[in-house]
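Below is one structure, written out as structure tokens; the observations come after it.
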Amino acid sequence: MKNNIRIERAILNITQQQLAEQIGVSRQTINAMESNKYVPSTVLALKIAALFGKKVEEVFILEEGD
Amino acid sequence: MQFQLLLPPKYKKIGVLLFVPSLLLAILHRFNDFKVDFLTVNLFEVDLNFTDEIALTGIILSLLFIAFAREEHEDEYISSIRLKSLQWAVLVNYSLLILATWLIHGFPFIDVMMYNMLTVLIIFIVRFHLELRKNRIANPEK
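Protein chains in written order, with the working numbering: chain A, 1 to 66; chain B, 1 to 142.
The following block contains the structure:
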């Protein structure tokens, strides 16, 4: 699964730390998701999408093989 | 929040503080036959000394404290690192045990079993903290 977190974060102009704080996770988690090292839980994905004002499938995209 | 069987973060420090004296006591007992006199109890006509019991209990408790103290920002990603590290530690621990079973015979195997009581926790602690650190270093504040 890939995601647009980095792009959406750039649009809002916030840092990984700020995003992490607003969602209540560690900054490492944001970084791991942005570098496709970690697939978040549904709860976390929903929170992130809500913060960006997008639907989950606009932020998180299934890939071939998922 | 999901339910987690973890201790408050301060237990990591408590664990380290307990580990050092327990390990020292264990080493002194093992290699110098050191015994704390007031820990000798006469049970059923036999003098029993509880120095090694105290030392091993201290070591096991301190390792459990260190291993299962919650990280300051324990979220789902850190939990996943924790789980992976634990699986890795169990695998490595038992691989080493199989290796030792075939390589070490007779009386010295008692030593292997003794150390093996603790290695799974030690390997887990080292692996988990290395993974956390790797993550922090690969990930400097931008």
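For each residue, glycine too, the CB sits at the ideal point set by N, CA and C.
All figures in this text were calculated on a predicted structure; none of them were measured in a lab.
Asked: Which stretch, first to last residue, makes up the beta strand (DSSP E) that contains residue 43 of chain B?; Found: 40–43
Asked: Here's the rule: buried if 16 or more other CB atoms are within 10 angstroms of the residue's CB, otherwise exposed. What is residue 127 of chain B?; Found: buried
Asked: Could you please give the first and the last residue of the uninterrupted alpha helix (DSSP H) stretch that includes residue 90 of chain B?; Found: 76–103
Asked: Measure from the C-beta of residue 47 of chain B to each C-beta in chain A and report whether the shortest distance is under 7 Å.; Found: no
Asked: Tell whether a beta-carbon distance below 7 Å holds between residue 65 of chain B and residue 106 of chain B.; Found: no
Asked: Starting from residue 44 of chain A, find everything on chain B with Cβ-Cβ shorter than 7 Å and list it in chain order.; Found: 76
Asked: DSSP state of residue 14 of chain A, grouped into three classes?; Found: coil
Asked: Report yes or no: do the region 6–18 of chain A and the region 52–65 of chain A share at least 3 C-beta pairs separated by less than 8 Å?; Found: yes
Asked: Pick helix, strand or coil for residue 20 of chain B, following the three-state DSSP scheme.; Found: helix
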